[in-house]
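In the numbering used here, the protein residues as written are 10 to 387.
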């Protein structure tokens, strides 16, 4: 097996084994604590610009299946694992995870101490890094890591967004005959979804609850969106720093009060900016499928799926205009809010949960109810 090296900007170097493409990648090194769903992680556009460390030690053992991709291709820059399985055994598998990543020239480093790496990222914060199977001089790789652009200030959402408007019609399908997903409702509501890095399962969920979905590029004007006569507007997840997305936030600001809006993840952050709030970078972010969030309205705890490195500062929001609805129980960060006067709400986490638990699927139902109520009022 070929040798691979992971070098961090602080001078830390890990030597391991190459399990993917023979190449070199650069990005912010982050970690995800989910124990399954690695293909969904690979193909989540929110990971653009990032090298992902998976804390679960054994990765790749069930292969990959086309139905599990969350976008057209992998978006991670590189992958770090403790052990990358040489065998894939699952009746749905069509391709080994190594081959799946190699087609996109994404390197994988395995056989390193991921516990040590994650503890370092937690204590010092996420860092820029390089994975290489070609350049094996640690000092040179550390210098390359230090030259990687910081995630702060990067507009990555525009780059991963669709370039053209399109319609999405595919609904939820069970992974096996025994999985009960329920019937898809007839499409009676029209949703325009801003693509800042949207995942397929979001679109499937919207169709499943009875929405006709039109996906538009991230820089589509508010006027063009309203011209499509939507019953509601959805603001998607996406990568990078929300602060540079000035035009996106301005478009959302012009939609406030004119149409119901539901935002998640980056969409939640853009809504915060549109309402005059501020965002900030977390020390090591939230990435995983088991984050506890308290719904302040129901006083119920939801186990949720997360993938974000920035958050909205609740002190920057006008609490005469918005109500805080969700709070993270690990670190008390803001997880959701609702506008008091406009039909607008959002959450920081991923209610479509691919991968992850289904505790938050009700939010899609709330969006449908909000659109239906608004349509009746007008």
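C-beta: ideal position from N, C-alpha, C; glycine also.
Check                                                                                                           : Outcome
Which of helix, strand or coil DSSP assigns to residue 288                                                      : strand
Reference residue 256; option with closest CA among 166, 216, 145, 175                                          : 166
Cα-Cα separation between residue 21 and residue 151, rounded to whole angstroms                                 : 8 Å
Contact the segment 207 to 224 vs the segment 252 to 267: 3+ CB pairs below 8 Å                                 : no
Candidates 376, 334, 161: closest to residue 268 by CA position                                                 : 376
Three-pair Cβ contact test at 8 Å for the segment 121 to 135 versus the segment 261 to 280                      : no
Contact between the segment 98 to 111 and the segment 126 to 135 (3+ Cβ pairs under 8 Å)                        : no
beta-carbon residue 327 near the ligand COA non-hydrogen atom, thresh 7 Å                                       : Of ligands this structure carries none, so the ligand COA is not represented either.
Residue 49 - DSSP class collapsed to helix/strand/coil                                                          : helix
Burial state of residue 324, where buried means 16 or more other Cβ atoms lie within 10 Å                       : exposed
Backbone secondary structure at residue 75 - three-state DSSP                                                   : helix
Ranges of the beta strand (DSSP E) found wholly within the segment 222 to 249, counting only runs of at least 3 : 241 to 244
Integer-rounded CB distance, given that residue 142 should sit under 8 Å from residue 13                        : 5 Å
For residue 194, the three-state DSSP class (helix, strand or coil)                                             : coil
Whether residue 231 touches residue 46 by CB criterion (8 Å)                                                    : no
Simplified DSSP assignment, three categories, for residue 337                                                   : strand
Residue range of the unbroken alpha helix (DSSP H) whose run includes residue 371                               : 371 to 386
Exposed unless 16 or more other CB atoms sit within 10 angstroms - verdict on residue 367                       : exposed
Limits of the unbroken alpha helix (DSSP H) element including residue 59                                        : Counting along the chain, residue 59 falls outside any alpha helix (DSSP H), though it belongs to the beta strand (DSSP E) covering 59 to 63.
Run of the alpha helix (DSSP H) containing residue 279, from where it starts to where it stops                  : 275 to 283
Three-pair Cβ contact test at 8 Å for the segment 283 to 293 versus the segment 220 to 230                      : no
Length of the line joining the Cα atoms of residue 394 and residue 72                                           : Outside the displayed span of the chain (10 to 387) sits residue 394, for which this structure offers no information.
Terminal residues of the beta strand (DSSP E) in which residue 168 lies                                         : Element bounds for residue 168: not the beta strand (DSSP E) but the alpha helix (DSSP H), 166 to 169.
Any 3 or more C-beta pairs closer than 8 Å across the segment 173 to 182 and the segment 51 to 59               : no
Between the CA atoms of residue 183 and residue 192 - distance to the nearest angstrom                          : 11 Å
C-beta contact flag for residue 41 and residue 61 at 8 Å                                                        : yes
Reference residue 198; option with closest CA among 16, 373, 11                                                 : 373
Exposed unless 16 or more other CB atoms sit within 10 angstroms - verdict on residue 77                        : buried
Status (buried if at least 16 other CB within 10 Å, exposed otherwise) for residue 238                          : exposed
8 Å Cβ shell around residue 92 - same chain, five flanking residues per side excluded                           : 66, 67, 68, 119, 120
Nearest candidate by alpha-carbon position, reference residue 344, set 329, 310, 365                            : 310
Of the listed residues 131, 178, 270, 34, nearest to residue 380 (C-alpha basis)                                : 270
Span of the alpha helix (DSSP H), counted from its first residue to its last, around residue 173                : First-last for residue 173: undefined, no H or E at that position.
Inter-residue Cα distance where the pair is residue 361 and residue 148                                         : 42 Å
Buried versus exposed call for residue 96 [16 or more other C-beta atoms within 10 Å across all chains shown]   : exposed
Exposed unless 16 or more other CB atoms sit within 10 angstroms - verdict on residue 125                       : exposed
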